Amino acid sequence: MRPAMPAPGPGRPGALVLRGLVKEYRPGQPVLRGIDLVVPDTGLTAIIGPSGTGKSTLIRCINRLVQPTAGEILFRGEDLAKLSGRPLRRARRRIGMVFQEYNLVERLSVMENLLCGRLGYVPAWRAWLRRFPQADVERAFDLLDSVGLSGFATRRADALSGGQRQRVGIARAIMQEPEIILADEPTSSLDPKSSVEIMEILVQLAADRGVPVVVNIHNVALARRFASRIVGMSGGHVVYDGPPEGLADQDLRGIYGGENWLE
Amino acid sequence: MSVPVSAPVAERSWQRFSPGLRLARFAFYLCTVAAFAVSLRTIEIIPEFLYDAPEQMADLFGRMWPPDANYLGPTLAALVETLHIATLGTLLALAMAVPVGLLAARNLTPSLPLNLLAKFVFVTSRSVNSLVWALLFVAVFGPGPLAGTLAIAFRSIGFTGKLFAEALEESSPGSIEALTAAGAGRLSTLVFGYWPQVKPAFWSIALFRWDINIRESAVLGLVGAGGIGVALDTALNLLYWDQVAVVLAAIFSVVVLAEIVVTLVRNRVL
Numbered sequence: 001m002r003p004a005m006p007a008p009g010p011g012r013p014g015a016l017v018l019r020g021l022v023k024e025y026r027p028g029q030p031v032l033r034g035i036d037l038v039v040p041d042t043g044l045t046a047i048i049g050p051s052g053t054g055k056s057t058l059i060r061c062i063n064r065l066v067q068p069t070a071g072e073i074l075f076r077g078e079d080l081a082k083l084s085g086r087p088l089r090r091a092r093r094r095i096g097m098v099f100q101e102y103n104l105v106e107r108l109s110v111m112e113n114l115l116c117g118r119l120g121y122v123p124a125w126r127a128w129l130r131r132f133p134q135a136d137v138e139r140a141f142d143l144l145d146s147v148g149l150s151g152f153a154t155r156r157a158d159a160l161s162g163g164q165r166q167r168v169g170i171a172r173a174i175m176q177e178p179e180i181i182l183a184d185e186p187t188s189s190l191d192p193k194s195s196v197e198i199m200e201i202l203v204q205l206a207a208d209r210g211v212p213v214v215v216n217i218h219n220v221a222l223a224r225r226f227a228s229r230i231v232g233m234s235g236g237h238v239v240y241d242g243p244p245e246g247l248a249d250q251d252l253r254g255i256y257g258g259e260n261w262l263e
Numbered sequence: 001m002s003v004p005v006s007a008p009v010a011e012r013s014w015q016r017f018s019p020g021l022r023l024a025r026f027a028f029y030l031c032t033v034a035a036f037a038v039s040l041r042t043i044e045i046i047p048e049f050l051y052d053a054p055e056q057m058a059d060l061f062g063r064m065w066p067p068d069a070n071y072l073g074p075t076l077a078a079l080v081e082t083l084h085i086a087t088l089g090t091l092l093a094l095a096m097a098v099p100v101g102l103l104a105a106r107n108l109t110p111s112l113p114l115n116l117l118a119k120f121v122f123v124t125s126r127s128v129n130s131l132v133w134a135l136l137f138v139a140v141f142g143p144g145p146l147a148g149t150l151a152i153a154f155r156s157i158g159f160t161g162k163l164f165a166e167a168l169e170e171s172s173p174g175s176i177e178a179l180t181a182a183g184a185g186r187l188s189t190l191v192f193g194y195w196p197q198v199k200p201a202f203w204s205i206a207l208f209r210w211d212i213n214i215r216e217s218a219v220l221g222l223v224g225a226g227g228i229g230v231a232l233d234t235a236l237n238l239l240y241w242d243q244v245a246v247v248l249a250a251i252f253s254v255v256v257l258a259e260i261v262v263t264l265v266r267n268r269v270l
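Those protein sequences? They're chains Y and R, same order as listed. Per UniProt numbering, the first sequence starts with residue 1, numbered consecutively. Per UniProt numbering, the second sequence starts with residue 1, numbered consecutively.
In structure tokens form, the structure reads like this:
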């Protein structure tokens, strides 16, 4: 059984270690109040918690789409909080991200959207002329096959359904050949069936490549089903950290507050 | 749970606007009426001229008919020059407006001084009519189509650049966020994130401005900046109204043609 909180030692460093992470959008009103978290090398870590508790902020702090106010973000031993410019872009391309609203470039084709995942590697002029390395294009076709979108390469992204768009979103993240994948509510805009399919694809592709996944998720049942570890957040703190089997109703009350909704 | 059957209902009133807002709206209407009254007094209508206006119009049209067919040759040559001035001027304007537009868009250039500098360029370009720009360039480069082309170009920077910057600012931040998260640099997000989103707006702005510039360049000849305006000016000065009619008809048909071309191209591009 996985330890509730793997200790960051020389033997098991953990892919990602957060230490004392604080984020204040307005001075004196912290959203994250000192988060300490170790993301293990493998498996899916699900972050659950009520809306507005800072789950999205936490995940966006990791790849610095949001600037943390204080604390360390150690990714493979490197503190991402201190980076800027080219080193930051170099770090970002090793971190794949999947978004709630997919965030595809709507007017581009599915293939072009997948190749967006290579923009951290390919110079801008080659991207402009669409002269991507052949290996990237082949990998994109392979990925389209494995997410079940064979034959969609030349379709425009705005012609796809929600579930199909999120498949493109996941494939785009994998195109980066990331060392970790962040997913911010990847299923919240989808119907129940598509949600399960998307989670299956995400877990499968990540496991095939040995990449750990951190996912914000509202749906506790989905979190229990797919996560190897659950982190419960409330009021900007981590209030539960452990395996899904250990998550009791009492913990859920602690995370979300109240009782009546559990029945 | 039981629902109270007859709870005492408090007297509640609701009004769309607060008293202050109502006062402000009244003041606005009052100002509008006052401005209308003042304007009417300022334009100084001379009744005598107003009364015989229909006669004067009839007289003018009488002198224009029949149009002088011999003037068609020189008119067409000047018309082609006008088209060249408009097209080249629009291209020049776009080449200058795009970089300034990138500086003006607040999401792309998060620097207030640079935004303001770009806005200043736009305002300078737009505050002066193209005729005034033409006078300026005629003084510098001498009369001819070069002055006209530059006048059109400088007048158009503000228009195209401002609209291009606004289109950039309206592009969806989600896609850009995704590219940034993938480690894309600024240039890469520009060509792969922003450009696909603003492309329809860009072509629409370019075509619209070209359409405007054809009309504008038709009058530039009045100050000696080349094009069909020169032909119009000559005919007007010599009071050859039958030649004026030919020129006006030519301008009218080219504007209609441009409108048709723009509509067709726009449907293809968008």
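In this text, a Cβ means the ideal position worked out from N, Cα and C, and glycines have one as well. The structure presented is a predicted model; accordingly, all values stated were derived computationally and were not measured.
As assigned by DSSP and simplified to three states, the class of residue i
| i | result |
| --- | --- |
| R:Gln197 | helix |
| Y:Asn216 | strand |
| Y:Thr45 | strand |
| Y:Gly52 | coil |
| Y:Tyr240 | strand |
| Y:Ala74 | One detail in the question is off: residue 74 of chain Y reads as Leu in this sequence, not Ala. Here Y:Leu74 sits in strand by DSSP. |
| R:Ala258 | helix |
| R:Val247 | helix |
| Y:Gly163 | helix |
| Y:Arg118 | helix |
| Y:Arg229 | strand |
| Y:Gly11 | Note that Y:Gly11 scores 40 on pLDDT, short of 50, meaning its location in the model is unreliable; the coordinates nonetheless yield the value given after this. Y:Gly11: coil per DSSP, three-state reduction. |
| R:Ser18 | coil |
| Y:Asp79 | strand |
| Y:Ser234 | strand |
| R:Arg268 | helix |
| R:Leu146 | helix |
| Y:Asn63 | coil |
| Y:Gln204 | helix |
| R:Ser111 | coil |
| Y:Gly246 | helix |
Assumed close pair residue i, residue j - CB separation to whole angstroms, cut-off 8 Å
| i | j | result |
| --- | --- | --- |
| R:Thr32 | R:Val246 | Between R:Val246 and R:Thr32 the Cβ distance is about 43 Å, and since that is not below 8 Å, they are no contact. |
| Y:Gly14 | Y:Val31 | About 24 Å; that fails the 8 Å criterion. |
| Y:Ala70 | Y:Val22 | 4 Å |
| R:Phe159 | R:Arg209 | 6 Å |
| R:Leu238 | R:Gly227 | Wrong, their Cβ atoms sit about 18 Å apart, outside the cutoff. |
| R:Ala167 | R:Val198 | 4 Å |
| Y:Leu44 | Y:Ala221 | Between Y:Ala221 and Y:Leu44 the Cβ distance is about 14 Å, and since that is not below 8 Å, they are no contact. |
| Y:Gln176 | R:Ala178 | Contact doesn't hold; Cβ gap of about 11 Å is too wide. |
| Y:Leu114 | Y:Arg165 | In fact, because the Cβ distance is near 12 Å, the residues do not count as touching under 8 Å. |
Range of the contiguous beta strand (DSSP E) that encloses residue i
| i | result |
| --- | --- |
| Y:Lys23 | Leu16 to Arg26 |
| Y:Gln29 | Gln29 to Val39 |
| Y:Leu115 | It is not in any beta strand (DSSP E) - Y:Leu115 instead sits in the alpha helix (DSSP H) that spans Val110 to Leu115. |
| Y:Val98 | Ile95 to Val98 |
| Y:Ala183 | Ile180 to Asp184 |
| Y:Ser188 | Unbroken run through Y:Ser188: none, as it is neither H nor E. |
Own chain partners of residue i with C-beta closer than 8 Å, once the 5 adjacent residues on each side are dropped
| i | result |
| --- | --- |
| R:Arg25 | Phe17 |
| Y:Pro68 | Leu21, Val22, Lys23, Leu32, Cys61 and Ala81 |
| Y:Arg89 | Gly120 |
Own chain residues within Cβ distance below 7 Å of residue i, not counting five before or after
| i | result |
| --- | --- |
| R:Ser2 | With a pLDDT of only 49 at R:Ser2, under the threshold of 50, the placement of this residue in the model should not be trusted, and no figure is reported. |
| R:Trp133 | Ala151, Phe154 and Arg155 |
| R:Val98 | Phe164 |
| R:Arg215 | Val255 |
| Y:Met5 | Low confidence applies here, because Y:Met5 scores a pLDDT of 45, under 50, leaving its location unreliable; read the following figure in that light. Counting only Cβ-Cβ distances below 7 Å, and skipping sequence neighbours, we find Val38 and Asp241. |
| Y:Ser189 | Gln100, Glu101 and Gly162 |
| R:Val265 | Leu207 |
Range covered by the alpha helix (DSSP H) that runs through residue i
| i | result |
| --- | --- |
| Y:Arg92 | Gly85 to Arg92 |
| Y:Leu139 | The displayed chain sequence assigns Arg, not Leu, to residue 139 of chain Y. First-last of the alpha helix (DSSP H) with Y:Arg139: Gln134 to Ser146. |
| Y:Phe152 | Here Y:Phe152 belongs to no alpha helix (DSSP H), and DSSP marks it neither H nor E. |
| R:Ile228 | Ile228 to Asn237 |
| R:Gly101 | Leu72 to Ala104 |
| residue 271 of chain R | Look at the range of chain R in this structure, 1 to 270, and you will see that residue 271 of chain R is not part of it. |
| Y:Gln250 | Asp249 to Tyr256 |
| R:Ser140 | Before going further, note that residue 140 of chain R is Val rather than Ser in the sequence given. Looking at the DSSP string, the run of the alpha helix (DSSP H) that includes R:Val140 is Ser130 to Phe141. |
| Y:Trp125 | Ala124 to Trp128 |
| R:Glu48 | Pro47 to Tyr51 |
6 Å CB neighbourhood of residue i in its chain, flanking five on each side removed
| i | result |
| --- | --- |
| Y:Gly34 | Gly20 and Val22 |
| Y:Gly257 | none |
| Y:Pro244 | Arg224, Ala227 and Ile230 |
| R:Val262 | Leu207 and Asp211 |
| Y:Phe75 | Leu16 |
Amino acids of chain C, ordered along the chain, whose beta-carbon sits closer than 7 Å to that of residue i
| i | result |
| --- | --- |
| Y:Asn63 | Included in the structure are the protein chains Y and R, with no chain C among them. |
beta-carbon residue i near the ligand GDP non-hydrogen atom, thresh 6 Å
| i | result |
| --- | --- |
| R:Thr109 | With respect to the ligand GDP, the structure shown offers nothing to examine, as it has no ligands at all. |
**OP:** Counting only runs of 4+ residues fully inside the stretch 151-210 of chain R, write out the alpha helix (DSSP H) ranges in chain order.
**Re:** 173-181 and 186-189
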